[in-house]
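Okay, so here's the structure we're looking at.
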Amino acid sequence: MITKQKDSISSRIIFLLLSLIFFLALMIRTEYVRCSSNTIPIVKDAREYLIYGYNLAHHSTFSQENSPNPSPDSFRSPGYPLLIALCFFTGNEQTFYPILVYTQAILSSLTVLLTFFLGICFLPPWGAVIAAFLVAFSPHLIAMTGYMLTETLFSFMLLSAIFCFQYAVKHRSGYLFVASGLFFGYSYLTNEGAVFIPFLFAYSAIGLGSIVKLRQNPLLPNILIFMLIFVLFPCGWTLRNHISLAPNAKRGSDRAIGTMSHGAYPDFIYKNPEFRRFPYREDPMQPEFGASLNGFCKILWERFREEPLRYLRWYFIGKPYYLWSWNIIQGVGDVYVYPVKDSLFETSAIAGLTRDLMRSLHPVILIFALAGIGVYAVQSRYRKNRKEIENTAIFILITVAYFTLLYMIFAPWPRYSIPLRPELYLWAIWAVADGTQISGTNPQCRAVQP
Numbered sequence: 145m146i147t148k149q150k151d152s153i154s155s156r157i158i159f160l161l162l163s164l165i166f167f168l169a170l171m172i173r174t175e176y177v178r179c180s181s182n183t184i185p186i187v188k189d190a191r192e193y194l195i196y197g198y199n200l201a202h203h204s205t206f207s208q209e210n211s212p213n214p215s216p217d218s219f220r221s222p223g224y225p226l227l228i229a230l231c232f233f234t235g236n237e238q239t240f241y242p243i244l245v246y247t248q249a250i251l252s253s254l255t256v257l258l259t260f261f262l263g264i265c266f267l268p269p270w271g272a273v274i275a276a277f278l279v280a281f282s283p284h285l286i287a288m289t290g291y292m293l294t295e296t297l298f299s300f301m302l303l304s305a306i307f308c309f310q311y312a313v314k315h316r317s318g319y320l321f322v323a324s325g326l327f328f329g330y331s332y333l334t335n336e337g338a339v340f341i342p343f344l345f346a347y348s349a350i351g352l353g354s355i356v357k358l359r360q361n362p363l364l365p366n367i368l369i370f371m372l373i374f375v376l377f378p379c380g381w382t383l384r385n386h387i388s389l390a391p392n393a394k395r396g397s398d399r400a401i402g403t404m405s406h407g408a409y410p411d412f413i414y415k416n417p418e419f420r421r422f423p424y425r426e427d428p429m430q431p432e433f434g435a436s437l438n439g440f441c442k443i444l445w446e447r448f449r450e451e452p453l454r455y456l457r458w459y460f461i462g463k464p465y466y467l468w469s470w471n472i473i474q475g476v477g478d479v480y481v482y483p484v485k486d487s488l489f490e491t492s493a494i495a496g497l498t499r500d501l502m503r504s505l506h507p508v509i510l511i512f513a514l515a516g517i518g519v520y521a522v523q524s525r526y527r528k529n530r531k532e533i534e535n536t537a538i539f540i541l542i543t544v545a546y547f548t549l550l551y552m553i554f555a556p557w558p559r560y561s562i563p564l565r566p567e568l569y570l571w572a573i574w575a576v577a578d579g580t581q582i583s584g585t586n587p588q589c590r591a592v593q594p
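The following block contains the structure:
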């Protein structure tokens, strides 16, 4: 009876804490958008997304051409422009932007709840609360709500997909598998680099047993439905491009090769450090380097042969380091991509303090996340009786590791890791929580099988 009362009190405290954290997350995001959204320039990537969204809303054509009769292309992924088009439909040319950024503020705030409820599956309650707190006050996630960029939408969609998949596996729910497939599908439409994540999740969920055991796996029918739902998205997008695009239309593959070439300069420097962040501007070989896969491989191989150690260090150490670093290199710097005149982090002492605190914690979080790989290896070796926790943790590990490896191939701009902050925080806290259990500091978790 006493135990039940304690559990009830603990649940109420956690509920109150989570409600407070969510309210603060929503408040700081809406205030940030209110203060700064009118001062943020719509340039470069943001301008391209705006044109795509406008053309979808007014011409029913997915194109980056700013003309009365635009020709379709596939240079950008369609997920985010679809959201912009929806905001045009909901409002008009004067009100669509406030609708968009406040929608992003809400989506970003909802990731706080998703982080907690995903974390509670494999973290102690205090760990899930801390992860939600870190997401709520992440200055990168807050700042991205004011930009017309994909990061906020992708972060929400990807985390929703992982959340649904985890609970689908846990409860063997066909509806949640369908929901996860839909969320993963829209994640792909927002960032096509996510195309292989669902396959890795499915592979992990059904296990690596024999064909006989595979057929007997109760999850198999739902996993197949999940995969069928997901593949409709890349197949549909590919079919659209095959049918609608002219031979000379700009394609996503062109952007992919260009990004690979932009990320092939060690420390983002070709020769002159003054061109750091934009090394391709001084490289005379860049037109060939970023024009085709053959040209890219040829030039990269020639440069690798001249300085093999430099390129090995860059691809295997430098790229992961830059991807997860704090400062947004190809942008204004700190947490900003484009200039923000009246940033809440500059006008509010409390907001500025939270940014400074999160900046101080960032290297510690990265160290914990890196240590988590070793913790997971030890757990997999000695804690085979904790299959459910392992399976949950591996979904987070797969996500973080997958995108790290992905951007070791492409350009590792720190901005690209911002949508993965919830997964990073969950993994780092899991490493701490499970590491203390393995070391024996928690007597209740010493069921170690040698």
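According to the numbering used here, the residues represented by the sequence shown are 145 to 594, in order. All C-beta atoms, glycine included, are put in the ideal place defined by N, C-alpha and C.
Worksheet item: Who are the near neighbours of SER487 in its chain, counting only those whose CB is closer than 8 angstroms to its CB and skipping five residues on each side?
Response: Within the sequence shown, residue 487 is the residue found at index 343, counting from 1. Spatial neighbours of SER487 in its own chain (CB-CB distance under 8 angstroms, excluding positions within 5 residues in sequence) are listed in chain order as TYR176, CYS179, SER180, ALA287, TYR480.
Worksheet item: So, is ILE461 buried or exposed, given that buried needs 16 or more other C-beta atoms within 10 angstroms?
Response: Against the sequence shown, residue 461 aligns to sequence position 317. Exposed: under 16 other Cβ atoms inside 10 Å.
Discussion item. Excluding the 5 residues flanking ILE165 on each side, which residues of the same chain have their C-beta closer than 7 angstroms to its C-beta?
Written reply: Within the sequence shown, numbered from 1, the residue matching residue 165 stands at position 21. VAL256, ALA276, PHE277, ALA280.
Practice prompt. Identify the continuous alpha helix (DSSP H) that holds TYR465 and give its terminal residues.
Written response: Residue numbering aside, residue 465 sits at position 321 when the sequence shown is read from its first letter. Element bounds for TYR465: 463-467.
Worksheet item: Applying the criterion that 16 or more other CB atoms from any shown protein chain within 10 Å of the CB defines a buried residue, is ARG559 buried or exposed?
Response: Start at 1 with the first residue of the sequence shown, and residue 559 comes out as number 415. Label assigned to ARG559: buried.
Discussion item. Please report the distance separating the alpha-carbon of PHE539 from that of GLU567.
Written reply: Against the sequence shown, residue 539 aligns to sequence position 395. Against the sequence shown, residue 567 aligns to sequence position 423. Cα-Cα distance, rounded: 9 angstroms.
Worksheet item: Who does GLY477 pair with in a DSSP beta bridge?
Response: Here residue 477 corresponds to residue number 333 of the sequence shown, with the count starting at 1. According to DSSP, GLY477 bridges with TYR480.
Item to complete: Report whether the distance from the Cβ of SER331 to the nearest heavy atom of the ligand MG is below 6 angstroms.
Response: As for the ligand MG, it is missing from this structure, which has no ligand bound.
Fill in: For ALA249, the three-state DSSP class (helix, strand or coil)
Here the question's residue 249 lines up with position 105 in the sequence shown. In the structure shown, ALA249 sits in a helix (DSSP, three-state: H, G or I).
Practice prompt. Would you please state the rounded distance, in angstroms, between the beta carbons of ILE387 and VAL322? I believe it to be under 8 angstroms.
Written response: As a first step, residue 387 must be located in the sequence shown, where it is residue number 243. As a first step, residue 322 must be located in the sequence shown, where it is residue number 178. Their Cβ separation, rounded to whole angstroms, is 27 angstroms, which puts ILE387 and VAL322 out of contact at 8 angstroms.
Worksheet entry | Assumed close pair LEU389, PRO222 - CB separation to whole angstroms, cut-off 8 angstroms | Here residue 389 refers to the residue found at position 245 when the sequence shown is read from its first residue. Here residue 222 refers to the residue found at position 78 when the sequence shown is read from its first residue. No, LEU389 and PRO222 are not in contact; Cβ-Cβ is about 13 angstroms, not under 8 angstroms.
Worksheet item: With distances taken between CB atoms, is the gap from PHE298 to THR334 smaller than 7 angstroms?
Response: Taking the sequence shown and counting its residues from 1, one reaches residue 298 at position 154. Taking the sequence shown and counting its residues from 1, one reaches residue 334 at position 190. Yes.
Discussion item. According to DSSP, simplified to helix, strand and coil, what is TYR330?
Written reply: Along the sequence shown, read from residue 1 onward, the residue named residue 330 stands at position 186. Helix.
Worksheet item: Taking the alpha-carbon positions, what's the ASN366 to GLY318 distance?
Response: Counting from one through the sequence shown, the residue named residue 366 turns up at place 222. Counting from one through the sequence shown, the residue named residue 318 turns up at place 174. C-alpha separation (whole angstroms): 6 angstroms.
Worksheet entry | LYS314, DSSP secondary structure in three states | Working through the sequence shown from its first residue, we reach residue 314 at position 170. Looking at LYS314 - three-state DSSP - the assignment turns out to be helix.
Worksheet item: Under a three-way DSSP split, which group does LEU293 fall into?
Response: On the sequence shown, position 149 is the one that residue 293 refers to. LEU293: coil per DSSP, three-state reduction.
Worksheet item: DSSP on ARG220, reduced to helix/strand/coil?
Response: Residue mapping note: residue 220 aligns to position 76 of the sequence shown, counting from 1. In this structure, ARG220 counts as coil in the three-state DSSP scheme.
Item to complete: Output yes or no for whether 7 angstroms exceeds the beta carbon distance between TRP571 and VAL544.
Response: In the sequence shown, the residue the question calls residue 571 occupies position 427. In the sequence shown, the residue the question calls residue 544 occupies position 400. In this structure, VAL544 lies closer than 7 angstroms to TRP571 by Cβ.
Worksheet item: Is ALA577 helix, strand or coil when you go by DSSP?
Response: Start at 1 with the first residue of the sequence shown, and residue 577 comes out as number 433. Here ALA577 sits in helix by DSSP.
Worksheet item: By DSSP, does ASN366 sit in helix, in strand, or in coil?
Response: Position 222 of the sequence shown, counting from 1, holds the residue named residue 366. It is helical.
Worksheet item: Taking only beta-carbon atoms, is CYS231 less than 7 angstroms away from chain B?
Response: The question asks about chain B, but that chain is absent: this structure has only one protein chain.
Worksheet item: In three-state DSSP terms, what is THR88?
Response: Residue 88 is absent from the model: the chain starts at 145 and stops at 594.
Discussion item. Using only the alpha-carbon positions, how far apart do ASP478 and ASN416 sit?
Written reply: The count along the sequence shown starts at 1 and reaches residue 478 at position 334. The count along the sequence shown starts at 1 and reaches residue 416 at position 272. Approximately 23 angstroms, taken between the alpha carbons.
Worksheet item: What is the rounded straight-line gap between the Cα of SER252 and the Cα of VAL245?
Response: Within the sequence shown, the letter at position 108 stands for residue 252. Within the sequence shown, the letter at position 101 stands for residue 245. Straight-line Cα distance between these residues: approximately 10 angstroms.
Discussion item. Please state the DSSP three-state secondary structure of PRO391.
Written reply: Indexing the sequence shown from 1 puts residue 391 at position 247. Looking at PRO391 - three-state DSSP - the assignment turns out to be coil, as it is neither helix nor strand.
Discussion item. Taking the alpha-carbon of THR289 as reference, which of LEU326, CYS379, ILE306, ILE184 has the nearest alpha-carbon?
Written reply: By 1-based counting over the sequence shown, the position of residue 289 is 145. Taking only the C-alpha atoms, the option nearest THR289 is ILE184.
Worksheet item: Between ILE274, SER155, ARG220, LEU168, which lies nearest to VAL576 when the distance is taken from Cα to Cα?
Response: Here the question's residue 576 lines up with position 432 in the sequence shown. Nearest option by C-alpha distance: ILE274.
Item to complete: Would you tell me roughly how many angstroms separate the C-alpha atoms of SER354 and SER348, rounded to the nearest one?
Response: In the sequence shown, residue 354 corresponds to position 210, counting from 1. In the sequence shown, residue 348 corresponds to position 204, counting from 1. Interpretation of SER354 is limited by its pLDDT of 43, a score under 50 that renders its predicted location unreliable; the figure taken from the coordinates is listed afterwards. Approximately 14 angstroms between the Cα atoms of the pair.
Discussion item. Alpha carbons only, please: which of ARG395, ALA400, MET404, ASP427 is nearest the one belonging to ILE413?
Written reply: Here residue 413 refers to the residue found at position 269 of the sequence shown. Checking every option, the nearest Cα to that of ILE413 belongs to ASP427.
Item to complete: Could you give the DSSP three-state label for THR634: helix, strand or coil?
Response: Beyond the ends of the chain as shown, which are 145 and 594, falls residue 634; an answer cannot be given.
Item to complete: Measure from the alpha carbon of GLU432 to the alpha carbon of each residue in GLU451, GLU450, HIS406, ARG421, then state which is nearest.
Response: As a first step, residue 432 must be located in the sequence shown, where it is residue number 288. When only C-alpha atoms are compared, the closest one is HIS406.
Item to complete: Please name the residue in SER282, PHE260, LEU302 whose C-alpha comes closest to that of ALA272.
Response: Residue mapping note: residue 272 aligns to position 128 of the sequence shown, counting from 1. The shortest C-alpha separation from ALA272 is found at PHE260.
Fill in: Neighbourhood of PRO423 by C-beta distance below 7 angstroms, restricted to the same chain and skipping five residues each side
Counted from its first residue, the sequence shown places residue 423 at position 279. Cβ within range, chain order: TYR409, PHE412, ILE413, TYR414.
Worksheet item: Going by the beta-carbon positions, is the gap between PHE207 and PRO214 smaller than 7 angstroms?
Response: Within the sequence shown, residue 207 is the residue found at index 63, counting from 1. Within the sequence shown, residue 214 is the residue found at index 70, counting from 1. Residue 207 is actually Ser in this sequence, not Phe. The answer is yes: Cβ separation under 7 angstroms.
Fill in: Nonlocal neighbours in the same chain, by C-beta distance under 8 angstroms from PHE159, ignoring five residues either side
Here residue 159 is taken as the residue at index 15 of the sequence shown, counted from 1. No residues qualify anywhere along the chain.
Worksheet item: Going by other Cβ atoms of all chains shown within 10 Å of its Cβ, with 16 needed for buried, is GLY380 buried or exposed?
Response: On the sequence shown, residue 380 is found 236 positions in, with the first residue counted as 1. Exposed, by the Cβ-count rule.
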